[in-house]
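Scroll down for the structure; my scribbles are underneath it.
Here it is in structure tokens:
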């Protein structure tokens, strides 16, 4: 990682877009921007966030990778895979191939990878029991892929299941799927601690709320009605028949 100058590319889904951490003028901030703001106290940072809401590993490979590589990053965060588990088209072999291709290309381009091991989203969301176990099994498969990537390409990573903030309700937005501002700050802080341990020197991001849009229950409810509920409805239609078949098979 360079002397005084850093290029950072953020790839992934809505968590990296910043959903749950709204800006006063509209749009989203999120953990990656918060991390960059702290890095800028010590480094000249060029930041490229190519993440897309709803992205799967295939979307990262097909729509984000080339933009990230064009940025020639020193650091590249790769946080994706949860959306893959929420679709009836789930294919762990395809997931592994896509993420291996993306990770390999980023490392070959000179980037240090930032990756995660995911926590159990199904249990946190309070999904029906028919979904919790099979969804947990899918997350386990995703984590096995990330274990393989880390063993192959190195870099830095977070185990989200070990972060106490995961069980803190204030760290989640109203949908319990996207981090709140406090959740994004916790992510930024955890990444900063690992970067400092790896040799960078910059102030850690604050864990105190500020700079984002003030919380509003009316706005949260409106978001759930217009975006959150329809999203959950689409996932239920997609996964419902599969979950029922899975439950029947397990009962035999």
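In the numbering used here, the protein residues as written are -8 to 243.
Glycine included, each C-beta is placed from N, C-alpha and C at the ideal position.
Note that the structure is a prediction, hence the values are computed from the model and not measured.
Per-residue burial, residue -5 [other beta carbons within 10 Å of its own, 16 or more giving buried]: For this step, residue -5 is matched to residue 4 along the chain shown. Result: exposed.
Residue 45 versus residue 169: straight-line alpha-carbon distance, rounded: Locating residue 45 in the chain shown gives position 54, counting from the first residue. Locating residue 169 in the chain shown gives position 178, counting from the first residue. Cα-Cα distance, rounded: 12 Å.
Host beta strand (DSSP E) of residue 106 (start-end): Here residue 106 refers to the residue found at position 115 when the chain shown is read from its first residue. Its beta strand (DSSP E) spans residues 103 to 108.
Coil, strand or helix - residue -2 by DSSP: For the purposes of this step, residue -2 is taken as residue 7 along the chain shown, with counting starting at 1. Strand.
Contacting residues, own chain, Cβ-Cβ under 7 Å from residue 21 (five flanking each side not counted): Along the chain shown, read from residue 1 onward, the residue named residue 21 stands at position 30. Cβ contact annotation for residue 21 (same chain, cutoff 7 Å, sequence separation greater than five): 7, 8, 9, 12 and 175, in chain order.
CB contact flag (residue 36, residue 70, <7 Å): For the purposes of this step, residue 36 is taken as the residue at position 45 of the chain shown. For the purposes of this step, residue 70 is taken as the residue at position 79 of the chain shown. Not in contact: residue 36 and residue 70 (Cβ atoms no closer than 7 Å).
Residue interval of the beta strand (DSSP E) (run including residue 185): Within the chain shown, numbered from 1, the residue matching residue 185 stands at position 194. Element bounds for residue 185: not the beta strand (DSSP E) but the alpha helix (DSSP H), 172 to 188.
Complete beta strand (DSSP E) runs within the region 16 to 83 (minimum length 3 residues, chain order): 35 to 40 and 66 to 70
Cβ distance (whole Å) where residue 29 is taken to contact residue 196 below 8 Å: Along the chain shown, read from residue 1 onward, the residue named residue 29 stands at position 38. Along the chain shown, read from residue 1 onward, the residue named residue 196 stands at position 205. 4 Å between Cβ atoms; contact.
Member of 73, 104 and 76 whose CA lies at the smallest distance from the CA of residue 64: Looking up residue 64 in the chain shown gives position 73. Of 73, 104 and 76, the residue nearest in Cα terms is 104.
Assigned exposure category for residue 153 - 16 Cβ within 10 Å defines buried: Against the chain shown, residue 153 aligns to sequence position 162. When all chains shown are included, residue 153 counts as exposed.
N-terminal and C-terminal residue of the alpha helix (DSSP H) that residue 6 is part of: In the chain shown, counting from the first residue as 1, residue 6 sits at position 15. Run containing residue 6: 5 to 8, per the alpha helix (DSSP H) assignment.
Reduced DSSP secondary structure (H/G/I, E/B, other) of residue 13: What you label residue 13 is simply residue 22 of the chain shown in a count that begins at 1. Residue 13: strand per DSSP, three-state reduction.
Close Cβ partners of residue 38 (< 6 Å) along its chain, the five nearest in sequence each way excluded: Indexing the chain shown from 1 puts residue 38 at position 47. Correct list, in chain order: -1 and 27.
Inter-residue Cα distance where the pair is residue 219 and residue 67: The count along the chain shown starts at 1 and reaches residue 219 at position 228. The count along the chain shown starts at 1 and reaches residue 67 at position 76. A caution first: residue 219 carries a pLDDT of 48, below 50, which makes its placement in the model unreliable, though a value can still be read off. Their Cα atoms are separated by approximately 29 Å.
Identity of the residues DSSP links to residue 150 by a beta bridge: One-based indexing of the chain shown puts residue 150 at position 159. Residue 150 pairs with 108.
Inter-residue spacing [alpha-carbon to alpha-carbon] between residue 180 and residue 81: As a position in the chain shown, residue 180 is number 189, starting the count at 1. As a position in the chain shown, residue 81 is number 90, starting the count at 1. Cα to Cα, residue 180 sits roughly 32 Å from residue 81.
Integer Cβ distance of residue 192 from residue 79, believed to fall under 8 Å: Residue 192 sits at position 201 when you count from the first residue of the chain shown. Residue 79 sits at position 88 when you count from the first residue of the chain shown. Here residue 192 is actually not in contact with residue 79; their C-beta atoms are around 47 Å apart, not less than 8 Å.
Cβ shell of residue 151 (< 8 Å), same chain only, five flanking positions each side left out: On the chain shown, position 160 is the one that residue 151 refers to. Excluding sequence neighbours, residue 151 sits near 107, 108, 109, 110 and 157.
Local Cβ density within 10 Å of residue 188, reported as buried at 16 or more and exposed below that: The residue given as residue 188 occupies position 197 in the chain shown. By the 10 Å Cβ count, residue 188 comes out exposed.
Straight-line gap, residue 56 to residue 93 (C-alpha atoms, nearest Å): As a first step, residue 56 is located in the chain shown; it is residue number 65 there, counting from the start. As a first step, residue 93 is located in the chain shown; it is residue number 102 there, counting from the start. Cα to Cα, the separation comes out at about 7 Å.
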